[in-house]
Amino acid sequence: MATSSRRQSVVRQLGNDESNFECPLCTRPNVADKWMVQCDVCESWIHFSCAGVDNTISNKPFTCVRCAPPPPPAGSRSCRSTTSSVRAARRELELQRLAEEKALQERLLKERQEEEEAMQKRVAEQEQERRKRAMQEKLELEKQYIERKFDLLRAELD
């Protein structure tokens with residue numbers, strides 16, 4: 041009975057006169073091993089030594105090497121690990137992009153603050169210069185006033 045659901049392996053001890061089971065993995069007589077295990081997929085009977093199992097296989101599912109999927113080539117990755125690696129790489133790239141974007145925003149903000157501080161400094165310097173000129177103009181006007189007043193007083197005395 042071929043079934044894809046997992047079950048405990050069927051194990052059979054052969055008698056000396058039994059030969060109706062054919063091990064598909066070797067050309068030895070079936071009684072070469074006292075025990076055989078049945079593949080859960082193709083239901084073939086396989087010698088314990090050919091299957092590389094012992095009597096503990098009766099508690100576990102068993103699939104022969106002909107029915108088991110081939111292992112991936114050395115150095116290759118399964119689809120799942122490749123997909124997760126791609127996802128991890130994409131996530132890493134996205135994190136790197138976000139970090140670069142944040143660094144750029146911080147740099148632009150710092151430059152903007154520096155420009156604003158420089159502008160405020162220029163405005164303060166201009167204001168200070170304007171006040172200095174206004175003070176000088178006021179001082180000049182007062183000098184002129186005092187000089188005229190002095191001229192008037194002198195003219196009265198003459």
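In our numbering, the protein residues as written are 41 to 198. The beta carbon of each residue, even a glycine, is placed where N, CA and C say it ideally should be.
Original post:
Which class does valine 126 belong to by DSSP, given the choice of helix, strand or coil?
Top reply: Locating residue 126 in the sequence shown gives position 86, counting from the first residue. Of the three classes helix, strand and coil, the one that applies to valine 126 here is helix, per DSSP.
Original post:
Is the CB-CB distance between cysteine 82 and cysteine 104 below 8 Å?
Top reply: The residue you call residue 82 lines up with position 42 of the sequence shown. The residue you call residue 104 lines up with position 64 of the sequence shown. Yes.
Original post:
If we call anything under 8 Å between Cβ atoms a contact, is cysteine 63 one with isoleucine 86?
Top reply: On the sequence shown, residue 63 is found 23 positions in, with the first residue counted as 1. On the sequence shown, residue 86 is found 46 positions in, with the first residue counted as 1. Cβ distance < 8 Å, so cysteine 63 and isoleucine 86 count as in contact.
Original post:
Can you tell me whether methionine 159 is buried or exposed, with buried defined as 16 or more other CB within 10 angstroms of its CB?
Top reply: Stepping through the sequence shown from its first residue, residue 159 is reached at position 119. With fewer than 16 Cβ atoms within 10 Å of its Cβ, methionine 159 is classed as exposed.
**OP:** Within the same chain, show all residues whose beta-carbon is closer than 8 Å to that of leucine 148, passing over the 5 residues directly before and after it, in chain order.
**Re:** Counting from one through the sequence shown, the residue named residue 148 turns up at place 108. Within the same chain, leucine 148 has no close Cβ partners at all.
Original post:
So is aspartate 198 buried or exposed if we call it buried at 16+ other beta carbons inside 10 Å?
Top reply: Mapped onto the sequence shown, residue 198 falls at position 158. Under this definition aspartate 198 is an exposed residue.
Original post:
Is the distance from the Cβ of aspartate 94 to the Cβ of phenylalanine 102 below 8 Å?
Top reply: For the purposes of this step, residue 94 is taken as the residue at position 54 of the sequence shown. For the purposes of this step, residue 102 is taken as the residue at position 62 of the sequence shown. Against a cut-off of 8 Å, the Cβ pair of phenylalanine 102 and aspartate 94 comes out as no contact.
Original post:
Taking valine 77 as the reference, which of Arg68, Thr96 and Lys161 has the closest Cα?
Top reply: As a working note, residue 77 is residue 37 in the sequence shown. With distances taken between Cα atoms, valine 77 lies closest to Thr96.
Subject >> DSSP three-state assignment for threonine 103, whether helix, strand or coil >> reply: Numbered from 1 along the sequence shown, position 63 holds the residue referred to as residue 103. It is coil, neither helix nor strand.
Original post:
DSSP three-state call for aspartate 94: helix, strand or coil?
Top reply: Translated into positions along the sequence shown, residue 94 becomes position 54. Residue state, collapsed to three classes: coil.
Original post:
Near aspartate 73, what residues of its chain come up, given a Cβ to Cβ distance below 7 Å and the 5 sequence neighbours on each side ignored?
Top reply: For the purposes of this step, residue 73 is taken as the residue at position 33 of the sequence shown. Within the same chain, aspartate 73 has close Cβ partners His87, Phe88 and Ser89.
Subject >> Alpha-carbon spacing of alanine 139 relative to glutamate 132, whole angstroms >> reply: Position 99 of the sequence shown, counted from the start, is the residue given in the question as residue 139. Position 92 of the sequence shown, counted from the start, is the residue given in the question as residue 132. C-alpha separation (whole angstroms): 10 Å.
Original post:
What is the DSSP secondary structure of arginine 152, counted as helix, strand or coil?
Top reply: Position 112 of the sequence shown holds residue 152. Helix.
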